[in-house]
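Student: Residue numbers (this note's numbering): 17 to 685.
Quick reminder that beta carbons are idealized off the backbone N, C-alpha and C, glycines included.
#1: How about residue 318: is its C-beta nearer than 8 Å to some C-beta of chain B?
#2: Report yes if the C-beta distance between residue 523 and residue 238 is below 8 Å; otherwise report no.
#3: Below 8 Å on the Cβ atoms is my contact criterion, and I expect residue 486 with residue 129 to pass it. Report the Cβ-Cβ distance as a whole number of Å.
#4: For residue 403, which residues of its own chain have a beta-carbon under 7 Å away from its beta-carbon, when the five flanking residues on both sides are left out?
#5: Compute the Euclidean distance between the alpha carbons of residue 494 and residue 502, then round it to the nearest angstrom.
#6: Going along the chain, which residues of its own chain have a beta-carbon closer than 8 Å to the beta-carbon of residue 553, five neighbours each way excluded?
#7: Quick check on this structure: which residue in 73, 277, 47, 324 has the alpha carbon closest to the alpha carbon of residue 312?
#8: What would DSSP say about residue 22, mapped onto helix, strand or coil?
#9: Leaving out five residues on either side along the sequence, give the residues of the same chain with a beta carbon under 6 Å from the beta carbon of residue 131.
#10: Do residue 466 and residue 459 have their CB atoms nearer than 8 Å?
#11: Tell me whether residue 158 is buried or exposed, calling it buried when 16 or more other Cβ atoms sit within 10 Å of its Cβ.
#12: Got a sec? Which residues, its chain only, sit under 6 Å from residue 106 by beta carbon, not counting five neighbours each side?
#13: Would you call the stretch 320 to 339 in contact with the stretch 246 to 258, where contact means no fewer than 3 C-beta pairs closer than 8 Å?
#14: Where DSSP assigns a beta bridge to residue 472, which residues make up the other side?
#15: Can you list, in chain order, the residues of its chain whose CB lies under 8 Å from that of residue 116, leaving out five sequence neighbours each side?
#16: Count the other CB atoms, across all protein chains shown, that sit within 10 Å of the CB of residue 665; report buried if there are 16 or more and exposed otherwise.
#17: Does the stretch 352 to 363 come within contact of the stretch 377 to 392, defined as at least 3 CB pairs closer than 8 Å?
#18: Checking the sheet assignment: what are the DSSP bridge partners for residue 423?
#19: If you compare alpha carbons, which of 217, 284, 333 is closest to residue 249?
#20: Exposed or buried, what is residue 230 when buried is set at 16 or more other beta-carbons lying within 10 Å of its beta-carbon?
#21: Assign residue 74 to one of two classes, buried (16 or more other C-beta atoms within 10 Å of its C-beta) or exposed (fewer than that).
#22: Starting from residue 231, trace the alpha helix (DSSP H) both ways and give me its first and last residue.
#23: Quick check on residue 13: buried or exposed, where buried means 16 or more other Cβ atoms within 10 Å of its Cβ?
#24: Excluding sequence positions up to five away, which residues of its chain have a Cβ less than 8 Å from the Cβ of residue 456?
#25: Report the CB separation of residue 489 from residue 273 in whole angstroms; it is logged as a contact under 8 Å.
#26: Is residue 427 near residue 69, with beta carbons less than 8 Å apart?
#27: I need the straight-line Cα distance from residue 570 to residue 586, nearest angstrom please.
#28: Which runs of the alpha helix (DSSP H) at least 4 residues long sit entirely within the stretch 489 to 575? Give them in chain order.
#29: Suppose contacts are defined by Cβ-Cβ distances below 8 Å. Is residue 451 in contact with residue 27 by that definition?
#30: With a threshold of 16 other CB atoms inside 10 Å of the CB of residue 144, please say whether the residue is buried or exposed.
#31: Taking the alpha-carbon positions, what's the residue 440 to residue 67 distance?
#32: Are the CB atoms of residue 233 and residue 400 within a distance shorter than 8 Å?
#33: Quick one: any contact between the stretch 416 to 432 and the stretch 499 to 514, if contact means 3 or more CB pairs under 8 Å?
#34: From what residue to what residue does the alpha helix (DSSP H) around residue 284 run?
#35: Is residue 125 helix, strand or coil when you go by DSSP?
#36: Whose C-beta lies closer than 7 Å to the C-beta of residue 475 among residues of the same chain, with five residues either side of it excluded?
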């Protein structure tokens with residue numbers, strides 16, 4: 017089993033990252049480089065979270081081997097050991113051989129840092145650029161990132177000059193590398209605590225509120241009112257942009273040098289607008305530079321960028337509106353079925369997506385009623401209590417993990433108790449649950465936050481390239497300090513435990529933080545205590561109230577604006593529901609008409625076809641008689657007569673044509 021667990025987790029995490037990216041991104045429409053870069057960033061971050069428990073169990077086993085193989089006299093205080101006769105080491109099932117983990121962590125860490133600080137910011141500018149060629153997009157991206165890269169180079173250069181001039185510093189390359197890692201982790205820890213303080217409170221509260229049907233329905237009405245406003249704004253913005261495109265398309269004719277750029281912009285427009293512009297465009301007129309003023313390539317690039325953004329926003333709001341309608345209809349059905357005496361779940365509308373027959377076989381209307389109306393609220397309440405307990409343990413450990421005598425961090429207590437008995441399964445499960453919960457609190461906040469319309473992760477393939485790349489940057493910057501914080505909570509980091517024991521392979525590539533004592537002994541220890549203040553602020557919704565005061569409508573139960581938006585959303589949902597009902601009633605009437613009169617129409621159609629065949633055969637017979645009667649016998653061969661019949665024009669065999677045919681009238685006479 018040596019290394020098998022590592023290989024299985026590598027494969028599993030890859031498919032997990034691919035599944036999440038498929039849910040938020042669009043593999044068909046987005047650029048392949050954007051998909052690959054985002055997938056690599058997400059994959060590396062998730063991989064660190066899943067592999068770190070294996071590193072902890074392997075480190076504990078290696079410490080045990082060192083303690084057994086070395087006597088107290090030989091250790092000289094280098095390791096905390098017991099006598100060889102008093103302990104026995106057992107190799108864990110997921111043991112990773114020596115030398116693999118340091119190389120693995122070094123590759124993963126530096127690849128993620130290269131992505132987050134160099135490649136992904138460049139690709140963000142490249143994706144948002146409106147250039148018409150690869151060279152133009154690269155040039156725009158370099159110009160936009162010049163200030164970004166120049167700031168870091170300026171700070172790093174000033175630091176190098178200070179170190180070179182000051183004789184008290186004698187830093188080597190490893191120490192400079194450690195300082196760079198410490199600077200990156202400090203930036204990430206600053207953001208990590210902010211996101212963690214929000215997630216520790218909001219995740220248990222959202223599951224507790226998930227058990228309240230009335231609460232979810234009211235919040236859905238609120239979202240519907242806000243989304244309708246955003247949807248109308250997106251449609252108006254798209255109309256304005258398409259009007260500008262139409263003017264540019266009419267001014268720049270087919271033989272203009274910039275016509276290729278205009279054609280590229282037109283391809284990004286929706287199909288109905290392309291057809292409308294194609295009908296109104298007259299490309300047979302030559303352009304005249306002396307009479308008209310034409311836009312420059314720079315202005316066309318700006319227009320191209322606006323078209324891409326407006327089309328993406330319009331499509332996203334349309335899809336989100338349909339999803340929100342389905343959610344509102346379903347919640348209304350749940351509210352109606354709670355008082356059902358038959359205990360069978362009845363849907364107002366049938367699902368538009370094809371249902372799985374196996375799932376439909378087991379998930380019957382009776383099972384659905386018991387789950388939705390009876391079991392699911394209690395399940396969400398129990399889950400909320402468990403998550404709230406985890407949150408309290410995390411907050412307590414964040415405030416006390418620096419205490420080693422006595423050990424107050426509960427996560428460190430759990431790991432040390434398991435370490436005494438060398439129960440590696442328990443150690444790995446405890447480590448995995450701890451870091452997994454921390455990751456959920458942080459990553460879920462990244463998926464929830466929205467920075468106006470510049471950063472927004474929307475499911476159902478509606479996330480743009482800029483937001484996907486930005487999420488990859490955040491994950492790569494948050495994951496290393498998250499793992500260091502986890503190692504500090506469990507006292508597996510020598511900087512926290514103050515024990516000169518063998519460090520984990522992940523800590524070894526970070527270097528000794530003692531190079532910067534004010535960060536190792538100050539910021540890393542006391543800054544995480546700020547999570548208590550952030551949790552209190554999140555519990556009382558201080559951020560939501562501030563945003564509401566600034567004019568950004570947020571869902572608050574005691575707000576008059578919230579009540580107005582709920583009423584507006586309720587009316588919108590009612591209107592869409594009536595519209596959907598009329599459509600289904602029309603489809604049902606057409607289906608009933610087809611089922612009732614479909615067989616009669618088919619029999620009538622068959623009789624008409626049989627009558628036409630009789631009339632055609634009768635007409636062909638009558639048509640051949642006059643031809644044979646009036647054919648000359650002075651040299652016409654049988655082949656000529658056949659060709660004459662083949663070249664004859666098809667006749668419309670009806671009463672008028674038969675009566676008007678002169679040959680037919682002669683034969684009648």
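Tutor: According to the structure shown:
#1: As a matter of chain content, chain B is missing from the structure shown, which is built from one protein chain.
#2: In terms of Cβ geometry, residue 523 and residue 238 do not form a close pair [threshold 8 Å].
#3: Separation of the CB atoms of residue 486 and residue 129 is rounded to 16 Å, and the pair is thereby denied contact status at 8 Å.
#4: 219, 220, 223
#5: 12 Å
#6: 213, 559
#7: Residue 312 has its Cα closest to that of 277, out of 73, 277, 47, 324.
#8: helix
#9: A distance below 6 Å between beta-carbons, with the five flanking residues on each side excluded, links residue 131 to the following residues of its chain, in chain order: 57, 492.
#10: no
#11: exposed
#12: 438
#13: yes
#14: DSSP lists 466 as partners of residue 472.
#15: Sequence-distant partners of residue 116 (beyond 5 residues in either direction) whose C-beta falls short of 8 Å from its own C-beta, in its chain, are 19, 22.
#16: Because the pLDDT of residue 665 is 44, which lies under 50, any placement of that residue in the model is unreliable, and the number read from its coordinates should be weighed accordingly. When all chains shown are included, residue 665 counts as exposed.
#17: Segment contact: the stretch 352 to 363 against the stretch 377 to 392, three or more CB-CB distances shorter than 8 Å; contact assigned.
#18: 420
#19: Selected option, being the one with the closest Cα: 333.
#20: exposed
#21: buried
#22: For residue 231, the enclosing alpha helix (DSSP H) starts and ends at 229 to 267.
#23: Any question about residue 13 goes unanswered here, given that the chain covers just 17 to 685.
#24: Counting only Cβ-Cβ distances below 8 Å, and skipping sequence neighbours, we find 215, 219.
#25: Not quite, the Cβ-Cβ distance comes to about 38 Å (not below 8 Å), so this is no contact.
#26: no
#27: In this structure, the CA atom of residue 570 is about 17 Å from the CA atom of residue 586.
#28: 510 to 513, 521 to 526, 546 to 555, 558 to 565
#29: no
#30: Answer is buried; the Cβ neighbour count reaches 16.
#31: 14 Å
#32: Against a cut-off of 8 Å, the Cβ pair of residue 233 and residue 400 comes out as no contact.
#33: yes
#34: From DSSP, the alpha helix (DSSP H) with residue 284 extends over 275 to 284.
#35: helix
#36: Within its own chain, the residues whose Cβ lies closer than 7 Å to the Cβ of residue 475, once the five positions on either side in sequence are excluded, are 39, 40, listed in chain order.
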